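Q: Please see the structure below; I have some questions.
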């Protein structure tokens, strides 16, 4: 288990990374008039999840399932840059959390 998400209705969700507990609204910042989600990684740097992103400086990218009509078929997968493997648990957990909110 890399993380546990406590889902709440009337208060902020909590994400457990081992012994560390982080409120979801502190981990992922929502900005007005933007579909992007900003989070602070364990290295203290701010990162951004984009729902639609350009190919410049992509650290992680979700590939939806392709049924093989225009391109070869493949199941859905998350492609993650080697430069951020030190925080793989944060990337996977925040990805799952943001996807579940949609």
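Residue numbers (my numbering): 348 to 449. Cβ atoms here follow ideal geometry from the backbone N, Cα and C, with glycine treated the same way. It should be emphasised that the depicted structure is a prediction, and the values quoted were computed from it without experimental measurement.
For residue 414, which of helix, strand or coil comes out of DSSP?
A: coil
Q: Tell whether a beta-carbon distance below 8 Å holds between residue 406 and residue 394.
A: Less than 8 Å divides the Cβ of residue 406 from the Cβ of residue 394.
Q: Straight-line CA distance for residue 448 to residue 412?
A: Annotation: residue 448 to residue 412 spans about 19 Å, alpha carbon to alpha carbon.
Q: Quick check on DSSP: helix, strand or coil for residue 439?
A: helix
Q: Can you tell me the Cα-Cα spacing of residue 364 and residue 408, whole angstroms?
A: The straight-line gap from Cα to Cα measures roughly 22 Å.
Q: Once the 5 residues before and after residue 445 are set aside, which same chain residues still bring their CB inside 6 Å of it?
A: 384 and 396
Q: Quick one: what's got a C-beta closer than 7 Å to residue 422's C-beta in the same chain, skipping five residues either side?
A: 412
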